[in-house]
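Participant:
Structure, rendered in structure tokens:
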């Protein structure tokens with residue numbers, strides 16, 4: 015049975031279908047390992063590993079955990095290895111969509127965004143005050 019992972023964009027649309035075996039193979043090749051070496055390192059028989067990489071064998075979650083641990087990655091990083099981040103520009107999006115994108119940030123990043131907005135608003139208010147009150151003197 016072939017394991018396929020469907021990837022969704024930020025709007026929930028299907029963007030790509032990638033097999034887990036392909037991801038493991040790409041990571042292995044980037045690390046400069048042979049199939050036999052990696053199979054031995056994660057304690058999987060070579061023939062079973064070869065089938066995983068060729069997408070003809072399911073991979074158990076404990077095996078996936080061992081791969082991720084050996085690679086120094088999380089399971090999510092292995093599963094989504096080939097997904098290229100999509101540049102998101104909020105500038106040309108409607109306000110409700112901008113807010114939704116900001117809300118997707120983790121709390122620390124959201125706080126930074128709101129501090130920047132507060133700073134810009136304070137700067138604008140100060141500039142308006144200066145132009146209306148000090149410039150007329």
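Residue numbers (the working numbering): 15 to 151.
Where a beta carbon is used, it is the ideal one built from N, C-alpha and C, also for glycine.
Do residue 84 and residue 126 have their CB atoms nearer than 8 angstroms?
Facilitator: In the chain shown, the residue the question calls residue 84 occupies position 70. In the chain shown, the residue the question calls residue 126 occupies position 112. Not a contact, by the Cβ cut-off of 8 angstroms.
Participant: Given this structure, state the Cα-to-Cα distance separating residue 141 from residue 148, to the nearest angstrom.
Facilitator: On the chain shown, position 127 is the one that residue 141 refers to. On the chain shown, position 134 is the one that residue 148 refers to. Near 10 angstroms, if we compare the C-alpha coordinates of residue 148 and residue 141.
Participant: What does the Cβ neighbour count give for residue 81, buried or exposed, with the cut at 16 atoms within 10 Å?
Facilitator: Taking the chain shown and counting its residues from 1, one reaches residue 81 at position 67. So residue 81 ends up on the buried side.
Participant: So the candidates are 114, 95, 96; which of them puts its Cα closest to the Cα of residue 103?
Facilitator: Taking the chain shown and counting its residues from 1, one reaches residue 103 at position 89. Checking every option, the nearest Cα to that of residue 103 belongs to 114.
Participant: Report buried or exposed for residue 53, applying the criterion of at least 16 other Cβ atoms within 10 angstroms of its Cβ.
Facilitator: Locating residue 53 in the chain shown gives position 39, where the first residue counts as 1. Buried.
Participant: Please report how far the alpha carbon of residue 119 lies from the alpha carbon of residue 36, in whole angstroms.
Facilitator: The residue you call residue 119 lines up with position 105 of the chain shown. The residue you call residue 36 lines up with position 22 of the chain shown. Near 30 angstroms, if we compare the C-alpha coordinates of residue 36 and residue 119.
Participant: Residue 50 to residue 60, Cα distance in whole Å?
Facilitator: In the chain shown, the residue the question calls residue 50 occupies position 36. In the chain shown, the residue the question calls residue 60 occupies position 46. Straight-line Cα distance between these residues: approximately 6 angstroms.
Participant: Considering only the beta carbon of each residue, do residue 95 and residue 41 sit closer than 8 angstroms?
Facilitator: For the purposes of this step, residue 95 is taken as the residue at position 81 of the chain shown. For the purposes of this step, residue 41 is taken as the residue at position 27 of the chain shown. Taking 8 angstroms as the Cβ cut-off, residue 95 and residue 41 qualify as a contacting pair.
Participant: Are residue 77 and residue 58 close, meaning C-beta to C-beta below 8 angstroms?
Facilitator: The residue given as residue 77 occupies position 63 in the chain shown. The residue given as residue 58 occupies position 44 in the chain shown. The answer is yes: Cβ separation under 8 angstroms.
Participant: Does DSSP classify residue 139 as helix, strand or coil?
Facilitator: Looking up residue 139 in the chain shown gives position 125. Reduced to three states, the DSSP call for residue 139 is helix.
Participant: Short check: CB of residue 66 to CB of residue 73, under 8 angstroms?
Facilitator: Start at 1 with the first residue of the chain shown, and residue 66 comes out as number 52. Start at 1 with the first residue of the chain shown, and residue 73 comes out as number 59. In this structure, residue 73 lies closer than 8 angstroms to residue 66 by Cβ.
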